[in-house]
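Quick note: the sequence shown uses numbering that gives the first Met the number 0, first residue 0, plus one each step. Glycine residues also receive a C-beta, built at the ideal position from the N, C-alpha and C atoms. Here the structure is a predicted model, which is why all the values come from computation and not from measurement.
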Amino acid sequence: MTMIGWLQIILFCAIIVALTKPLGGYMTAVFNGERTFLSPVLRPIEAGIYWFSGVEERREQHWLTYTVSMLLFHVGGFLIIYGVMRLQAVLPFNPAGQGAVAQDLSFNTAISFITNTNWQNYGGESTVSYLVQMLGLTHQNFLSAATGIALAVAMIRGFSRASMRTVGNFWVDVTRTTLYVLLPICIVYTLFLVWQGIPQTLGDYVEATTLEGAKQTIAVGPVASQVAIKMLGTNGGGFFNANAAHPFENPTALSNFVQMLSIFLIGAAMTNVFGRMVGNQRQGWAIFAVMGVLFIVGVAITYWAEANGTSIMHALGLTGGNMEGKEVRFGIVASSLFAVVTTAASCGAVNAMHDSFTALGGMIPLINMQLGEVIIGGVGAGLYGMLLFVVLAIFVAGLMVGRTPEYVGKKIEAREVKMAMLAILVLPLMYLGWTAVGVVYPAAVASMANAGPHGFTEVLYAFTSATGNNGSAFAGLTGNTLFYNLTLASAMFVGRFFMIVPAMAIAGSLAAKKSIPPSAGTFPTTGGLFVGLVVGVILIIGGLTFFPALALGPIVEQLAMNAGNVF
C-alpha cells in the first residue's frame, strides 16, 4: 500500500461527499415537479410525452397500481430486447453480419437488462449488432435505471406523506428521471468519454495490419453512449467482452476515475433526496454514513489484500502486490477500488478479473453483493434496499430498549417488518439454492473450469451476482448453457421484482399512516448510535446468509462425490 494509493481513495470519497448534496437538491426539485434550470428546454418535451401517451400528470396511483404499471412496463422492455436479438440477422446496423441470437441466450439477456443486472453470457463485439446494442441494451439501460430511481422516490413518499393512499405516478416519475436526470448527464458524459478516446461511430469494424504483418479486425461502434449510461445507471453491461478493462471502454486513468465516480453519483445523492423529502437532511446523512462505513471497510481490506499479495507469491520472489488479472494502466489501487465500487453499487462493470484477486480481496466483492447491494447500491434500488434494513433496525431497537419503533414520524409495525424480511430473505434463497443445484447437476458441473473451493466460489459468485442484480462475474464458468441461461435469469428476476413488491407494499402502508411527532420514547435516528445499529443489523443478517454459504462448500462437495460428480 502507498500514500498515493490512499490519496486516490480519499479523493474519490471526498468528491462523492461534495456532489451528494447539490445533486440531491436538484433531483428533489425534479421529483417534486418544481422548476429547474432545464425546465425551459425540457418541460415542453415532458408535456408532449404525457399528451402522446395519454398520461394524466397530476393523477397519482395507489402503491399496487404503481407496482403493476412498473411490471407491465418491463414486459414491454423484455419483448423489445428479445425481439431484436432474435431478428438481429435481418435488421440494419449490423456491419459484422451477426446472426440471430439463440433463444435461451436472448431470454437470459432480456431478463438481465430489464432487471438492471446486465449479466452477459456472451461477448458483445462478437455476438450482437449495433442496433441491438443501441435499441435493445442502451435503451433499457436508461429505463431500468429510471425505474429503480422512481421506485425509491415512491418509497420515500411513503415515509414523507401522511394519511394518503397514493405514492406518486410511475409514468411521471420515470419520464422525469429520464429527461431531467439521466439524459442531460449522459450527454455531457458521453462527450467526455469520446474526448478520452472511446469510439462513438456507426462505421464498420476496422481492419488493421499488425507489426508481424497479420490481419486483425478491431471492433468499434457506438460505445461511448452505452458506457455513459451503463456507469451512471449502475447497469454494468459492457459493449465489449472485456468490459471496463477494454481500452475502448476505459482508455485512461482519468476515464477510470470518472467512471467510478459516476457509478456512485446518483446512489449517494438519493440519500440526500430522502433527507430533503422527509424534512430532515440529517436523516439522509445518517443513511449515507451507514453506507460509507461499510464501503470504507471493504476498500481498506481489498486494497490491503491486493497490495500485499500472498505468501506463495512472496516465496516465488514476486513482490509489489498481486497484479494478476489487472490492467497495468490502472494498477492495484484503482483495480481494488473499482472492484469494491462496482459490487457495492450493483453496477457490475469490471476493470480487472475478480477471479484473479487474492482470496480475501475476492471475498469483499462477494460480501458486498450478499449484504443485499445496499452500500450505495443500484440507482434507487440501493436506497430502498437500505430502508428495508432501517425498518428492521428500528424494530430491533424497539425490542431491545423498549423505545417506540418509529422512523421519521411513522410507526413501524408488524406489516412493515414482515414485508422487509420477505424482501431480504428471498435473496439468499436464490443464490444459495441455485448454487447447491449448480454444483451437483452434471450439466452445470461440466461448465466449471476449476475444481474444489475455487470452482464452488465461481458458481456461488455467479448466482449471488445475478440475484443481487450486479452482473459482474468471477470468471472460470461457462455461463452460455441452457442450465445457466435459465437459472441465472430466474435469479435475476426474483432478485429484482420479489424485492420490489414488498418494498412498495411498505411504501403504501406507511403513506396511509398518520405522522407522529417525536416524543421522549422516540429512538433518535440521526446520530452515531443509529448508524452503528443499522450497520450491525446489516452485518448480522448478511452474516446469517453469507457464512452458511461458506459452510455449504464441504456439504455440496460431499453430495457431488456421492453422485459421482467430483468437481
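Following the DSSP letters along the chain, one finds Thr-108 inside the alpha helix (DSSP H) bounded by residues 102 to 113. Under the three-pair Cβ rule at 8 Å, the segment 143 to 161 does not count as touching the segment 92 to 99. Annotation: Phe-256 to Pro-441 spans about 42 Å, alpha carbon to alpha carbon. Between Val-226 and Leu-192, the CB-CB gap stays under 7 Å.
Within 10 angstroms of the beta-carbon of Ala-223 lie 16 or more other beta-carbons, which makes it buried. A straight-line Cα-Cα distance of about 8 Å links Asn-117 and Asn-468. A straight-line Cα-Cα distance of about 24 Å links His-453 and Ala-333. Residue state for Thr-208 is assigned as strand, using DSSP reduced to three classes.
By the Cβ rule, the segment 315 to 327 does not count as touching the segment 445 to 461, because fewer than three pairs are nearer than 8 Å. Residue pairing by DSSP places His-61 opposite Thr-165 in a beta bridge. The beta-bridge partner set that DSSP reports for Pro-221 consists of Gln-199. Tyr-302 carries a helical assignment under DSSP once its states are collapsed to helix, strand and coil. Nearest in C-alpha terms to Thr-270, of all of Val-16, Thr-1 and Glu-56, is Val-16.
Considering only Gly-451, Tyr-430, Gln-132 and Ala-144, the residue with the shortest C-alpha distance to Ile-366 is Tyr-430. In the three-state reduction of the DSSP assignment, Leu-37 falls in the coil class, being assigned neither a helical nor a strand state. For Trp-62, same chain residues with a beta-carbon under 6 Å away, outside a window of 5 residues either side, are Val-166, Met-503, Ala-506 and Gly-507 in chain order. Excluding its 5 nearest sequence neighbours in each direction, Arg-414 has C-beta neighbours in its own chain below 7 Å: Ser-508, listed in chain order. The closest CA to that of Thr-27, considering only Tyr-179, Glu-206, Gly-212 and Glu-305, is found on Tyr-179. By the beta-carbon neighbour count (other beta carbons within 10 angstroms, threshold 16), Met-230 is buried. With respect to Gln-282, Thr-19 sits apart: the two C-beta atoms are not nearer than 7 Å. Between the C-alpha atoms of Phe-106 and Thr-521 there is a straight-line separation of about 49 Å.
Under the three-state reduction of DSSP, Leu-476 is assigned to strand.
Ser-345 is positioned such that its CB atom lies closer than 7 Å to that of Gly-376. With fewer than 16 other beta carbons inside 10 angstroms of its own, Tyr-204 counts as exposed. Closest in C-alpha terms to Ile-539, from the list Ile-423, Val-500 and Ala-461, comes Ile-423.
In terms of Cβ geometry, Val-83 and Gly-122 do not form a close pair [threshold 7 Å]. In the displayed model, Thr-524 falls within coil according to three-state DSSP, outside both helix and strand.
Non-local C-beta neighbours of Glu-248 in its own chain, meaning closer than 7 Å and more than five positions away in sequence, comprise Ile-197, Val-222, Val-226, Gly-237, Phe-238, Phe-239 and Asn-242, ordered along the chain. Boundaries of the alpha helix (DSSP H) around Trp-433: 413 to 437. Contact check for Ile-515 and Gly-381: beta-carbon distance about 27 Å, past the 8 Å limit, so the pair fails to qualify. By the Cβ-count criterion, Ile-3 is exposed, with fewer than 16 other Cβ atoms from all chains shown falling within 10 Å of its own Cβ. Exclusion of the five residues before and after Asp-103 leaves Leu-481, Asn-484 and Leu-485 as the residues of its chain whose Cβ lies within less than 7 Å of its Cβ. Cα atoms of Glu-206 and Ile-110: separation of roughly 34 Å, rounded to the nearest angstrom. A Cβ-Cβ distance of about 5 Å is found for the pair Phe-388 and Ile-537, placing them in contact under the 8 Å criterion. Looking at the DSSP output, Glu-405 bridges to Lys-410.
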